[in-house]
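S.K.: Submitted below is the structure of interest, expressed as structure tokens.
There are 2 protein chains.
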Amino acid sequence: ELLANIQAFFQVEAPILAGLKVVITAGPTREAIDPVRYISNHSSGKMGYALAAAAQQLGAEVCLLSGPVNLSTPVGVKKIDTITAQAMHQAALAKAEDCDIFIACAAVADYRVAEIAEHKIKKTDDCDEMQLRLVKNPDVVASVAALPNKPFTVGFAAETQDLNHYAKQKMARKNLDMIAANDVSKPEQGFNSEQNALKVFWPDGEQQLDLADKSALAKQLLALIAKQYAAQ
Amino acid sequence: ELLANIQAFFQVEAPILAGLKVVITAGPTREAIDPVRYISNHSSGKMGYALAAAAQQLGAEVCLLSGPVNLSTPVGVKKIDTITAQAMHQAALAKAEDCDIFIACAAVADYRVAEIAEHKIKKTDDCDEMQLRLVKNPDVVASVAALPNKPFTVGFAAETQDLNHYAKQKMARKNLDMIAANDVSKPEQGFNSEQNALKVFWPDGEQQLDLADKSALAKQLLALIAKQYAAQ
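Taken in sequence, the protein lines are chains A and B. The opening residue of the first sequence carries number 1 in our numbering; numbering runs sequentially from there. The opening residue of the second sequence carries number 233 in our numbering; numbering runs sequentially from there.
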């Protein structure tokens with residue numbers, strides 16, 4: 001880690017994000033069922049953390065809104081920990097008002113449990129089934145993109161089928177400036193992998209970023225973002 | 233880690249479990265909702281891994297059945313990875329037939345999702361609620377304790393209320409030889425903490441093990457187990 005910090009310190013990158021405030025969400029959220037059980041997802045936070053580290057190296061002032069992950073905070077990055085989608089939504093709105101670029105890389109739960117049990121739910125012998133009622137969570141990236149002075153807003157689409165179709169639909173529906181789609185059905189990329197591949201769309205263009213280490217891919221994506229941000 | 237290995241190697245413990253085969257389950261299970269989302273629980277696996285390390289140091293041949301955790305396998309311990317309750321149930325039955333002591337420390341999901349979606353479930357605009365139908369999982373420790381030549385079977389009860397009552401009820405209902413109850417509503421012990429406190433019950437006795445590091449507590453619990461096992 002020390003070596004990585006020293007390398008990061010001396011590495012000379014064109015500071016294409018100098019003077020910009022960048023907010024990045026990363027990791028999964030957890031939605032409690034009771035004090036013991038929860039609903040979550042396979043997001044490891046690695047892509048979001050790689051973006052935070054790269055944005056900081058490219059000169060940005062970075063704020064990272066993180067779900068529960070097992071990663072160390074990149075040097076020079078301010079991190080805010082959140083657990084639930086509602087907490088991440090609140091933190092994102094508070095930070096998005098005052099940033100230039102918002103990158104929503106977290107895998108935020110679409111639904112939470114309607115009623116969280118105060119005590120551990122007991123298994124009962126006479127009941128072989130159980131119904132869990134879920135209600136929709138606020139949509140973090142759509143809420144940010146709906147702000148009056150919205151930042152340049154980038155979303156992610158993790159899909160297991162019809163990748164390009166869903167990603168473009170999501171970009172339009174949520175009023176995003178860019179979306180990065182990744183196919184999480186492939187084991188060599190996406191969740192918990194060190195590598196990823198992205199198909200990036202913006203309203204009048206697209207670019208394929210081939211399979212690469214997440215840190216390299218983060219820099220390529222940030223270069224696309226910086227270019228489109230400047231072209232606004 | 234190297235230092236810990238060297239210390240472990242030279243540490244002289246009374247080999248109270250010498251010649252015994254011990255199977256220990258540890259960690260949470262994960263029950264898929266779809267390829268992206270799952271239900272899990274806050275078990276970190278630390279107590280089960282501490283028990284596996286301690287049992288090995290006390291002379292036992294240890295097999296560790298582990299759910300998804302972020303822990304390194306203790307030296308000299310054979311580990312089998314499982315994800316779901318069904319997989320852990322299958323592995324436990326396969327290993328329990330041929331062991332002397334079975335310690336069920338894993339937090340196995342009581343319920344799994346009735347129908348796992350093949351593709352990521354899409355959030356739909358016209359539906360603010362969702363019902364998740366859950367069905368009961370097989371009971372790992374009760375299945376082991378119901379074997380014709382059952383091993384000395386130790387269960388755990390992680391509760392947030394009425395600790396002693398639920399623990400004793402569980403021991404009787406599942407035909408266990410011993411149960412270790414811990415109150416997971418207290419932040420300084422239980423899930424993901426380095427420390428724990430246990431109230432241990434067996435059919436004609438009980439003992440309180442006060443708050444201590446999980447490795448120290450593991451040795452105290454194994455001493456109780458060895459004593460009751462010998463008294464059978």
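The C-beta atom is built at its ideal place from N, Cα and C for all residues, glycine as well.
1. List the endpoints of the continuous alpha helix (DSSP H) containing S272/B.
2. Determine, using beta carbons only, whether K352/B comes closer than 9 angstroms to chain A.
3. Using DSSP's beta-bridge definition, name the partner residues of T257/B.
4. Cβ of H321/B less than 9 angstroms from any chain A Cβ?
5. Determine, using beta carbons only, whether Q161/A comes closer than 9 angstroms to chain B.
6. Bridge partners of E31/A, per DSSP?
7. Rounded to the nearest angstrom, how far is the Cβ of L209/A from that of L221/A, given a contact under 8 angstroms?
8. Grouping DSSP H, G and I as helix and E and B as strand, with all else coil, what is V184/A?
9. Report, in whole angstroms, the separation of the C-beta atoms of A488/B and A399/B, which I expect to be a contact under 8 angstroms.
10. Label R344/B either buried or exposed according to how many other C-beta atoms from any shown protein chain fall within 10 Å of its C-beta, with 16 as the threshold for buried.
11. Output yes or no for whether 9 angstroms exceeds the beta carbon distance between C331/B and V309/B.
12. Spell out a yes or no on whether the region 127-144 of chain A and the region 47-56 of chain A are touching, meaning 3 or more CB-CB pairs, one atom from each, closer than 8 angstroms.
13. Is there a C-beta anywhere in chain B that falls below 9 angstroms from the one on A54/A?
14. Does the region 289-306 of chain B come within contact of the region 249-260 of chain B, defined as at least 3 CB pairs closer than 8 angstroms?
15. Which of the three DSSP states is assigned to N428/B in this structure?
16. On the criterion of 16 or more Cβ atoms from any shown chain inside 10 Å, does P15/A qualify as buried, or is it exposed?
17. Could you list which residues in chain A have their beta carbon closer than 7 angstroms to that of S417/B, in chain order?
18. Please state whether DSSP places Q131/A in a helix, a strand or coil.
19. Which stretch, first to last residue, makes up the beta strand (DSSP E) that contains Q439/B?
20. Would you say K311/B lies against chain A (beta-carbon separation less than 9 angstroms)?
21. Pick helix, strand or coil for I225/A, following the three-state DSSP scheme.
22. Under a three-way DSSP split, which group does G387/B fall into?
23. Can you tell me which residues form a DSSP beta bridge with F201/A?
24. Under DSSP, the alpha helix (DSSP H) around V307/B begins and ends at which residues?
M.R.: A quick look at the data gives this:
1. For S272/B, there is no enclosing alpha helix (DSSP H); the enclosing beta strand (DSSP E) has its first and last residue at R269 to N273.
2. Chain A has a Cβ within less than 9 angstroms of the Cβ of K352/B.
3. Beta-bridge pairing links T257/B to L297/B and A336/B.
4. Output row for H321/B: interface = no.
5. Yes, Q161/A counts as interfacial toward chain B.
6. Paired residue(s): I39/A.
7. Right, the Cβ-Cβ distance comes to about 6 angstroms (below 8 angstroms), so this counts as a contact.
8. Looking at V184/A - three-state DSSP - the assignment turns out to be coil, as it is neither helix nor strand.
9. The structure shown does not extend to residue 488/B, since chain B spans only 233 to 464, so no value can be given for it.
10. Sixteen is the threshold: when 16 or more other Cβ atoms of the shown chains lie within 10 Å of the Cβ of R344/B, as they do, the residue is buried.
11. Between C331/B and V309/B, the C-beta spacing is not below 9 angstroms.
12. Result no; under three Cβ-Cβ pairs closer than 8 angstroms.
13. By this cut-off, A54/A is not an interface position.
14. Yes: the two stretches touch, three or more of their Cβ pairs being nearer than 8 angstroms.
15. Note: N428/B maps to strand in three-state DSSP.
16. That one is exposed.
17. For S417/B, the C-beta contacts it makes with chain A under 7 angstroms involve P35, in order along the chain.
18. Strand.
19. Q439/B -> beta strand (DSSP E) spans G437 to D445.
20. No, no contact with chain A.
21. Of the three classes helix, strand and coil, the one that applies to I225/A here is helix, per DSSP.
22. Strand.
23. I179/A and E206/A, per the DSSP bridge assignment.
24. Neither: V307/B is in no alpha helix (DSSP H) and is coded neither H nor E.
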